Every structure is written in C-alpha cells, then in structure tokens.
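My numbering applies: residue 123 is where the sequence shown begins, and numbers increase by one. Every residue gets a Cβ at the ideal spot worked out from N, C-alpha and C, and that includes glycine. None of the values given here were measured: they were computed from a predicted structure. So the structure is just underneath, and the comments pick up after that.
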Amino acid sequence: MKRIYTAAILAILVTNAFAQVKTTITKSVITFKIKNLGINTNGNFSGLQADIQFKPTNLTSSIIAASVDASSINTDNNMRDTHLKSDDYFNVTTYPKITLKSVSFKHKSGDNYTGSFNVTIKDKTKLIEVPFTYTETGSTAVFNGSFKINRSDFGIGGKNMILADEATVVVNTEISK
Numbered sequence: 123m124k125r126i127y128t129a130a131i132l133a134i135l136v137t138n139a140f141a142q143v144k145t146t147i148t149k150s151v152i153t154f155k156i157k158n159l160g161i162n163t164n165g166n167f168s169g170l171q172a173d174i175q176f177k178p179t180n181l182t183s184s185i186i187a188a189s190v191d192a193s194s195i196n197t198d199n200n201m202r203d204t205h206l207k208s209d210d211y212f213n214v215t216t217y218p219k220i221t222l223k224s225v226s227f228k229h230k231s232g233d234n235y236t237g238s239f240n241v242t243i244k245d246k247t248k249l250i251e252v253p254f255t256y257t258e259t260g261s262t263a264v265f266n267g268s269f270k271i272n273r274s275d276f277g278i279g280g281k282n283m284i285l286a287d288e289a290t291v292v293v294n295t296e297i298s299k
C-alpha cells in the first residue's frame, strides 16, 4: 500500500510538470508502479492542472507548475484506495494536492530534456530530476516522462517491510498550444 501511495504521488508530480500555461490539456495519463509483497502494483492519478510555459529555445525562462488531486488515486481496488487516502499514506484530508514546480531545465539531445522539480507531497518538498521528451506537431505538444521517487522521503506508508521504497511514475501529457 505504501508503495502504491508513493508511486501515485510521483505520478501526480510528474503530470504537473508537463502542463502548459494558457493551453488546454487534451490528454493526461499519470501512472505509477510499486512493489508490494514483491508483486508490481499499479495505479493512476487524474485531474492534472498545470501552468506550463515551456520554451525549448529559452529554457532559462521556461516554467512548469502543476498539481493533481491526491484523492484521485485509483488502483482498481476501492479498499486499497481508501487506505491510501488515509493518514497512513497520502492523508488527502490534510494534504489534498500533490504539486510540482520547476527549478531548471537542461536540453540533452534531440527532443530529450531533464527538469529539476520541487515536488511536494504531504508538506514535504524534495528536488527530483525528471527526464522527459517534448515534441511539437502542429498545434499540439506532447510531454512524456518517467522517473523514480522514494516514498519514505515524503512520509508515505511509514516503515513497511512489504512495500518497496521506490516507485516509478510515468507521465504522458498532450496539450494544445
């Protein structure tokens, strides 16, 4: 369960990093994966809201700020989802949003970039490096990224011997420019 929460939080943060200011998010998928009892457990977050001002030609002035509703976590198991929303994991009553705010961007090669983001979950903020691709086609731009987070860094799930510390978050977002 703890792994699921951590993965969900990461997914939300990454999704928030890929929205654009004054644009419309046309598609957004934030998924996470974490091992629970040695078995991969998957889930997602929905409702990404973002202010994206990403300019590949001017990375120093680019900004991405995003948030996702922590209570939107979905693992296709209502009992588990209810537990993940509790104080043991995301505590969605006290901490309703997972947020992500860019600090800087680097161009790697081609459509490949890395962003440094302050990710906040449960009032704990950590700097996370997020590799992503950015492509433009006509009036559409697509951000795709995948990164890992440590759930314990955010106080998700406490000390748990059956839940992995590391969760993988994947964010795929399409916007209209």
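Cross-strand partners of residue i (DSSP beta bridge)
i       : result
Tyr-211 : Note: Tyr-211 sits in no beta bridge, so no partner.
Thr-255 : Asn-234, Asn-266
Rounded Cβ spacing between residue i and residue j (contact assumed at less than 8 Å)
i       : j       : result
Phe-276 : Lys-228 : With 8 Å as the limit, Phe-276 and Lys-228 do not qualify as a contact, their Cβ atoms being about 24 Å apart.
Gly-169 : Asp-198 : So it is not a contact: roughly 17 Å between Cβ atoms.
Asp-210 : Gly-279 : 7 Å
Separation of residue j from residue i, as counted between CA atoms
i       : j       : result
Ile-156 : Val-225 : 27 Å
Ile-284 : Ser-183 : 43 Å
Glu-288 : Thr-216 : 24 Å
Asn-196 : Glu-296 : 21 Å
Gly-165 : Phe-154 : 5 Å
Val-143 : Phe-212 : Residue placement at Val-143 is flagged as unreliable, the pLDDT there being 40, under the threshold of 50; the coordinate-derived value follows with that caveat. Cα to Cα, the separation comes out at about 27 Å.
Lys-281 : Arg-273 : 10 Å
Lys-149 : Ser-298 : 10 Å
Residue environment, residue i, which counts as buried when at least 16 other CB atoms sit within 10 Å
i       : result
Ser-261 : exposed
Ser-238 : exposed
Tell me whether the segment 232 to 247 and the segment 255 to 264 touch, counting them as touching only if at least three CB pairs, one residue from each stretch, are closer than 8 Å. yes
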